[in-house]
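One structure is given here, and the rest of the page talks about it.
Protein chains: 2
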Amino acid sequence: MNIKHDKEKVIKKGIDLFWCNGYSNLGVDKICKATGMTKGAFYNAFKSKENFLLSCIEAYGNMNMNYLTEQLSDQNKRAIDKILNMYVIMLENQPSLNFTGCLTNNMMSEISSVNELVGNATARAFDNLLDVIEPMVIKAQLEGDISPSVDSKTVTELIHSTFFGVLTRAKATRDNKKSISAMTLLIKSLKTI
Amino acid sequence: MNIKHDKEKVIKKGIDLFWCNGYSNLGVDKICKATGMTKGAFYNAFKSKENFLLSCIEAYGNMNMNYLTEQLSDQNKRAIDKILNMYVIMLENQPSLNFTGCLTNNMMSEISSVNELVGNATARAFDNLLDVIEPMVIKAQLEGDISPSVDSKTVTELIHSTFFGVLTRAKATRDNKKSISAMTLLIKSLKTI
DNA sequence: TCATTTGTACCGTTCGGTCTGTTTGAGTAC
DNA sequence: GTACTCAAACAGACCGAACGGTACAAATGA
Numbered sequence: 313m314n315i316k317h318d319k320e321k322v323i324k325k326g327i328d329l330f331w332c333n334g335y336s337n338l339g340v341d342k343i344c345k346a347t348g349m350t351k352g353a354f355y356n357a358f359k360s361k362e363n364f365l366l367s368c369i370e371a372y373g374n375m376n377m378n379y380l381t382e383q384l385s386d387q388n389k390r391a392i393d394k395i396l397n398m399y400v401i402m403l404e405n406q407p408s409l410n411f412t413g414c415l416t417n418n419m420m421s422e423i424s425s426v427n428e429l430v431g432n433a434t435a436r437a438f439d440n441l442l443d444v445i446e447p448m449v450i451k452a453q454l455e456g457d458i459s460p461s462v463d464s465k466t467v468t469e470l471i472h473s474t475f476f477g478v479l480t481r482a483k484a485t486r487d488n489k490k491s492i493s494a495m496t497l498l499i500k501s502l503k504t505i
Numbered sequence: 313m314n315i316k317h318d319k320e321k322v323i324k325k326g327i328d329l330f331w332c333n334g335y336s337n338l339g340v341d342k343i344c345k346a347t348g349m350t351k352g353a354f355y356n357a358f359k360s361k362e363n364f365l366l367s368c369i370e371a372y373g374n375m376n377m378n379y380l381t382e383q384l385s386d387q388n389k390r391a392i393d394k395i396l397n398m399y400v401i402m403l404e405n406q407p408s409l410n411f412t413g414c415l416t417n418n419m420m421s422e423i424s425s426v427n428e429l430v431g432n433a434t435a436r437a438f439d440n441l442l443d444v445i446e447p448m449v450i451k452a453q454l455e456g457d458i459s460p461s462v463d464s465k466t467v468t469e470l471i472h473s474t475f476f477g478v479l480t481r482a483k484a485t486r487d488n489k490k491s492i493s494a495m496t497l498l499i500k501s502l503k504t505i
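Top line first, the protein sequences correspond to chains A and B. Reading the first sequence from the start, the letters are residues 313 to 505 in our numbering. Reading the second sequence from the start, the letters are residues 313 to 505 in our numbering.
Rendered as structure tokens:
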């Protein structure tokens, strides 16, 4: 059968839409208009708006995994520098993203306490990222930039959770300076515990 | 004039409602039903739903300031212990709050990037809390539990932002253990930078 | 008395989703 | 190559409910 609307492209557009508008503030009509679909096409491709969001969260999570893997790949740099640099870059991107933060964090905050499926999906996306970051934390421990005495998993949790926190803060103030300072301080603090 | 509905009580109920449901997912009808008001009474007391939220955010912020001030007041304990203990308690409360997180954080995340007034109100609530916490951070620096070489304001930012981050994480997983571990690790990390 | 507060019907719009008829094109038979 | 089949894909009118908010009359009480 001929498929007029590429599901992947629609999901990519959906990511942007949920990212900018949130979940409850975005209607299926808007999704259809933005993707050039009709309701018939949309509901033929996706079971429901909720189900569409789940697909978007998963796709966004995978995109992020690839992005982080790439950001952390440079073999010539110290692990700790790569980690800090990556987070600083993501925070520096916020003004151009209109301080929309991170889709995973946004959905976690808006509806994960009310919708278990979304909770699971966002938690999975978060955990997947930790799996990408943790090896770099272990490397930083071996390189003496993070105390080897602490559990690498917990450090990774701390780092990425802090990122979510300062990201939300940047959103409200529409200013990323303090967030970058806080994130930088965190990474420095991890050296000797 | 006789006022049937105490504005303060209505705002208190509103805090709960926005806290549990978010902003876009909560209708004025539900607010009226939950507070026992009619629409006439509601719109006589508040300019709009948005305006009502602003009042709720401000009241919630003040409540939080009082709560934190009290939590940090014990003169016999070391400042660092009071700080950590306070955050652990707030995280331990999450299961009984159905992992609804923190209203300020929730509203920051859901709509502050789209609604400037809410952005300002949540940012103000956040800053007010920092003003309560920072003196305790300074005290901890004097007591040798936080490195005196770093800016106390930035440390305070970091601590409370991290709290927001781990709170969101706890929401999605409906589990506060990792959040408590991460928060504890952060406070320990601040000792020697 | 009269401004304020309240009750409620009502407004136009949007919500998520359904229904039904039409179009599409790969597969099959010849 | 052509004709036919048929399930999938699509268009869009339509559904009842809920949305934020208004209008206006009735009730209230200083």
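Built from N, CA and C at the ideal position, the CB exists for glycine as well. Remember, predicted model here, so these are calculated numbers, not experimental data.
If we cut at 7 Å on Cβ distances, does residue i have a partner in chain A?
i	result
Phe358(B)	no
Val478(B)	yes
Leu502(B)	yes
Gly431(B)	yes
Thr474(B)	yes
Between residue i and chain B, is the shortest Cβ-Cβ distance under 7 Å, so that the two count as touching?
i	result
Val277(A)	No information on residue 277(A) is available, as it lies outside the stretch 313 to 505 that chain A covers here.
Met313(A)	Reliability of the predicted coordinates at Met313(A) is poor, the pLDDT of 47 falling under 50, and the value obtained from them is presented with this limitation in mind. No, its Cβ sits nowhere closer than 7 Å to a Cβ of chain B.
Leu497(A)	yes
Ser424(A)	yes
Glu362(A)	no
Asn376(A)	no
Glu469(A)	yes
Asn397(A)	no
Gly373(A)	no
Asn427(A)	no
Would you kindly check if the distance between the Cβ of residue j and the Cβ of residue i is under 7 Å?
i	j	result
Ile445(A)	Leu502(A)	no
Arg481(A)	Ser491(A)	yes
Leu329(A)	Ala433(A)	no
Ser424(A)	Gly431(A)	yes
Ala346(A)	Lys359(A)	no
Leu470(B)	Leu415(A)	no
Glu422(A)	Gly334(B)	yes
Phe476(A)	Asn397(A)	no
Lys483(A)	Met419(B)	no
Phe307(B)	Arg486(B)	What the structure shows of chain B is the stretch from 313 to 505, and residue 307(B) is not part of that stretch, so it cannot be assessed.
Asn337(A)	Ser336(B)	yes
Lys489(B)	Ala391(B)	no
Against residue i, what residues of chain A qualify as contacts under a CB-to-CB distance less than 8 Å, listed in chain order?
i	result
Thr350(B)	What Thr350(B) touches in chain A: nothing, since even the nearest Cβ is about 25 Å away.
Ser385(B)	Simply none; closest approach about 25 Å.
Ser367(B)	Going along chain A, no residue has its Cβ under 8 Å from Ser367(B), so there is no contact; the nearest lies around 17 Å.
Note down, in chain order, every chain B residue with its Cβ under 8 Å from the Cβ of residue i.
i	result
Ser461(A)	Going along chain B, no residue has its Cβ under 8 Å from Ser461(A), so there is no contact; the nearest lies around 10 Å.
Going along chain B in order, which residues have a C-beta closer than 7 Å to the C-beta of residue i?
i	result
Ala494(A)	Thr466, Glu469, Leu470, Ser473
Asn337(A)	Ser336
Could you give the uninterrupted runs of the alpha helix (DSSP H) lying entirely in the segment 333-363 of chain A, keeping only those of 4 residues or more?
340-347, 351-357
Against chain B, which members of the segment 402-419 of chain A pass a CB distance test of less than 8 Å?
Asn410, Phe411, Thr412, Gly413, Asn417, Asn418
With 8 Å as the limit, tell me which residues of the segment 481-492 of chain B have their beta carbon closer than that to any beta carbon of chain A; keep them in chain order.
Arg481, Lys483, Ala484, Thr485, Arg486, Lys490, Ser491
In chain order, which alpha helix (DSSP H) runs of at least 4 residues are fully inside the segment 400-426 of chain B?
415-423
At what residue ranges does the segment 443-486 of chain B contain a whole run of the alpha helix (DSSP H), taking only runs of 4 or more?
464-485
Residues of the segment 435-465 of chain B with a CB closer than 7 Å to any CB of chain A: list them in chain order, please.
Ala435, Phe438, Val462
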